[in-house]
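Step one of this worksheet: look at the structure below.
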Amino acid sequence: MRYLPHTDTDRKAMLEAIGVASIDDLFTDVPEAARLDGLIDLPTKQGELQVERAMAAMSNQNVSASSVPFFVGAGAYKHHIPATVDHLIQRSEFLTAYTPYQPEISQGTLQTLFEFQTQVAQLTGMDVANASMYDGSTACAEAVMMAARVTKRDKAVMAGTVHPHYVEASKTLAKYSSVSIEVTEPELDSLDKVIAAIDENTACVVVQTPDIFGQLHDLREISRIAHEKGALVIAAFTEVVALGLTEAPGAMGADIAVGEGQSIGVGLNFGGPYVGLFACKDDRRFIRQMPGRLAGETVDADGRRGFVLTLSTREQHIRRDKATSNICTNSGLCALAFTIHMTLLGEKGFRQMAQLSHENACALADALDAVEGVDVVNDAFFNEFAVRLPGNAADIVEKLAKVGVLGGVPASRLYPGQFEDILLVAATEVNTQADIEIFAKALGGVL
Amino acid sequence: MPMNTQGRPTRIADNIATGGYAETTSGSKGLEQSEALIYERGSVEQCGVDLPEPKGTATRLGGLERKSELGMPGLSEPETMRHYVRLSRKNYAIDLGLYPLGSCTMKHNPRLNEKMARLPGFADVHPMQPASTVQGAYAVIGELAHWLMTLCGMSGVAMSPKAGAHGEFCGMMAIRAKLDADGQSHRRRVLVPESAHGTNPATAVQCGFTVDEIPADETGRVDMEAFKAKLGDDVAGIMLTNPNTCGLFERDIREIADLIHEAGGYFYCDGANFNAIVGRVRPGDLGVDAMHINLHKTFSTPHGGGGPGSGPTVLSDALAPFAPVPYVVLKDKHWELVEHEADAEGQPFGRMAAFHGQMGMFTRALTYMMSHGSDGLKQVAEDAVLNANYIQARLKHVMTPAFDGICMHEALFDDRFLKDTGVTTLDFAKAMIDEGYHPMTMYFPLVVHGAMLIEPTETESKSGLDRFIDTLEALSLAAKAGEVERFQAAPVHAPTKRLDETKAARQPVLRWTAPAAEEPIAAE
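Residue numbers (this note's numbering), protein chains in the order written: chain R, 585 to 1031; chain W, 16 to 539.
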């Protein structure tokens, strides 16, 4: 087997050094009833070529985003990722390192995480950010639990327009805790029902902007009201690129910002791995209650600047049953990809990418709105919006796929039994005017 | 020594006064390049990507344009490349040398896995595409699930957990849901050995359980008398790592499983150490009800400096109906995705995260499994155990194994051999850095004083192990010979000397901020 260096001669010499006759003598602590005689019933080893063929056969059954006009969003977005990113994250020293427990030989990872934390804080308009969570949905769930610890209150209010997967992940994490989650009726154009649900027992209110329907929300009023009642505001986002063009959660009064960073550097990957972004205001109460790893600056024995993982007394490996979260492995390499892509973009490129995505979305909205029977629902959006169709959106999406267009996500896939005529569509800088025209024409054709 | 804001000496003359040219003007030393933060190198006008010029007209933002500042610097492509390549060279990695971090299974990461994960049909597909356009992606999930269930001898598997701790959460949630469904909601106490990973007690609490610790016996295994005494009507289950964190197989595991089942509880196995038994022992045959599998350990998906991981969780007949959504099913040769609790056949405890799990890790792990096959995987376990025992056998005359006898895939030493030398486990670990090795896991498990947990994995050659053993032997002898200063100063050959972790925690600096004003260098 090509990955196993020992020859039989090596193995024999090693068994002799250990002082046993055979490999079976090393497994004598296994109860006899559980010792297998032969091989487990699975295929035996194969060479690279054979494995490549088998994997390629499965890959070829899928329609990739780059091969067709593509307008799917709803929490994951197709953006262009520079070749430099994928090269750098495959550097052995990044790819095959562990969590930086030994800082003297992990400064590469640690300095990068420090840069990542700073970028995330700047994007969200927050003071500090952690070194990543699994994804946006689990970051959201952790934020709800953190808010309950900080406020010592047990009720969370989530807007019905927060990505339903984020709501479900939060409910799962809270399920057997003291925290109860109230989800308001989804409202497309206001936050009135969310605001009405905030009371003196509310630990936090979770609002997403742009929301799952792509609608943008001003968080200033809800922040003011929540703060008056002693509740924290958690701003969620699924499209980080929106922060290049729309107001930052921190500037609109949010206390914690959580979201998905997949758009920058990571790619679609059929849903994972992604990178959860988690940022909050600089408040001692907050930082000591944050989940996940934190890289911090310090000095070495000669007084030179260096970076370490810090404030570990929040974490499971020190704190065990009193930890702020059970998270250990997070999304390190995806955070690196995010940071490299963001460094290539800089503020200038990032804002430009956001503007291009928005302009393409505006062009798409105009083109779809012009199709007979189709109406754009949103009045304010970034790169994703909802359209009302004269029929079942799930059926129409299937018909579009058959003519080679991946035309969005039917809202009923996220809200079973509801919004059956609503289609969620997204555009980014990768879409061309030709793609948009093909989509509009195809949609008109299948209605 | 005067330093500038980037921690570099400002004048070479001072270096001469403090010992010659140990320092350089640039801060770099030959191939070891000094590298500032992007915030000290780039500018907000710089950009390393050429994008089309936006028209700048369209805006339907509803008056919510960003007015707050961003302040993120950019770098051109060559500068970006150099910045991160230079940083990468400050990291230790498996591809550089033996990485004996116990409990972490730092084995070779085959590059075929990387290549397969990047096939456009896997890397460039969206999780919410219509089912007809992602049949091959669902097939990967289904195929990997089949391998995992077969290797474990279990009837169910939840594929969506995103890492080991998330898998623990999945398994313990399934146990909680099962207990509730059976009217056993009063069962709230979970037994956890003192030697467990910190994630175990943290997870149990996250599921609303309380943690009751079980001590280890003198052989490093569960103290059976203490365990039996803790069984009762309020016990929900046990969370046990096997092989355990001392690197030992729990000999009484069948009896533990039987007793916990008789008491009305369930057996959660932490699968972090599955590499020791993969292909040779099926956890289902040991009475396990739930076990997460770290694809980023046993199945070689890269750790990436702290993730991403993937933690599929195998489940027994009793727990499988409570598996979370989503999952894939094959119906009439067509793969379908069950996304909603209402559509599920069983009683899912909920959804753990957005979408369907760590697809990028699934493709890598499946590639690895197909490469090895059942014969290769069995050899993996055997060579992993052989390597650990070889290290233990060859070092026991100078270091002190924590327990007698055969170990599994990890060799655990305590610090008795350092007694009266003035050298601590930490010093010993840092001295290994100077010798070109990543240290072993230290001070874990907690049940052993000054623990040093060495996991070589199966991908180390005999000659590589011999060099490593010779090095540890020499270090042990040096410690005993009184060379304490060398250990306390270590590392001196790393990119930095020992870092002040206390300062980092007491005065947390968690992000870059613009300096108030440049301080002029004082003239003499």
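Quick reminder that beta carbons are idealized off the backbone N, C-alpha and C, glycines included.
- Less than 9 Å divides the Cβ of R269 (chain W) from the Cβ of G302 (chain W).
- If you draw a straight line from the Cα of S690 (chain R) to the Cα of Y682 (chain R), it is about 9 Å long.
- Close CB contacts of F418 (chain W) within its chain, under the 8 Å cut and outside five residues either way in sequence, are with T234, G235, C261, L263 and L427 (chain order).
- With respect to the 9 Å criterion, A835 (chain R) and R81 (chain W) are classified as neighbours on the basis of their beta carbons.
- Closest by C-alpha distance to Q199 (chain W), out of W:P93, W:V250, W:E498 and W:L66, is W:V250.
- S764 (chain R) carries a strand assignment under DSSP once its states are collapsed to helix, strand and coil.
- V207 (chain W) and G361 (chain W) have their C-alpha atoms some 29 Å from each other.
- Positions of the beta strand (DSSP E) runs, each at least 3 residues long and wholly inside the region 822-877 of chain R, are given as 840-844 and 860-864 in order along the chain.
- CA-CA distance, M423 (chain W) to D398 (chain W), rounds to 10 Å.
- Going by C-alpha positions, P339 (chain W) is about 5 Å away from P363 (chain W).
- Within chain R, the residues whose beta carbon sits less than 7 Å from that of M121 (chain W) are Y682, listed in sequence order.
- With contact defined as three or more Cβ pairs closer than 8 Å, the region 827-834 of chain R and the region 762-778 of chain R are not in contact.
- G692 (chain R) is not a Cβ neighbour of N124 (chain W), given a cutoff of 9 Å.
- Residue burial annotation: E784 (chain R) is exposed, with fewer than 16 other C-beta atoms found within 10 angstroms of its C-beta.
- Taking CB atoms only, H412 (chain W) has no neighbour in chain R less than 9 Å away.
- With a cutoff of 9 Å on beta-carbon distance, F483 (chain W) and I406 (chain W) are scored as near each other.
- For V883 (chain R), the enclosing beta strand (DSSP E) begins and ends at A879 to V883.
- Between A753 (chain R) and C724 (chain R), the CB-CB gap stays under 9 Å.
- Neighbours of R75 (chain W) across chain R, judged by C-beta separation under 7 Å: C946, A964 and F965.
- DSSP, reduced to helix, strand and coil, places A740 (chain R) within a strand of the structure shown.
- Contact between G252 (chain W) and S389 (chain W) is absent: CB atoms are separated by about 30 Å, not below the 8 Å threshold.
- Following the DSSP letters along the chain, one finds F282 (chain W) in no alpha helix (DSSP H) but inside the beta strand (DSSP E) bounded by residues Y281 to D285.
- Listed along chain W are H318, G319, G320, G321, G322 and P323, each with a C-beta nearer than 8 Å to that of G916 (chain R).
- A496 (chain W) counts as exposed, since fewer than 16 other C-beta atoms from the protein chains shown sit within 10 angstroms of its C-beta.
- By the criterion of a C-beta distance shorter than 6 Å, S170 (chain W) is surrounded in its chain by D332 and A335, once the five residues flanking it on both sides are discounted.
- Identification of residues in the region 469-489 of chain W having a C-beta nearer than 9 Å to some C-beta of chain R yields E473, T474, E475, S476, K477, S478, G479 and L480, given in sequence order.
- Proximity of M188 (chain W) to chain R, defined by a Cβ-Cβ separation below 9 Å, is satisfied.
- When the five nearest sequence neighbours on each side are left out, the beta carbons in the same chain lying within less than 7 Å of the beta carbon of V438 (chain W) are those of A494, V499 and F502, in order along the chain.
- Taking a cut-off of 8 Å on C-beta distances, the region 631-651 of chain R does not touch the region 946-954 of chain R, as fewer than three cross pairs fall below it.
- Residues of the region 602-626 of chain R with a Cβ closer than 8 Å to any Cβ of chain W, in chain order: I602, G603, V604, I607, D609, L610, F611, T612, D613, V614, P615, A617, A618, R619, L620, L623, I624, D625 and L626.
- Taking the Cα positions, V462 (chain W) is about 16 Å away from I469 (chain W).
- P416 (chain W) is bridged by DSSP to W:F428.
- Apart from the 5 residues on each side of it in sequence, W162 (chain W) sits with its Cβ closer than 8 Å to the Cβ of L381 and M384 in its chain, given in chain order.
- The beta carbon of V656 (chain R) lies closer than 7 Å to those of L990, G992, V993 and A1010 in the same chain, with the five residues before and after it left out.
- Taking a beta-carbon distance threshold of 9 Å, M96 (chain W) counts as an interface residue toward chain R.
- In this structure, V296 (chain W) keeps its C-beta atom at 9 Å or more from the C-beta atom of V817 (chain R).
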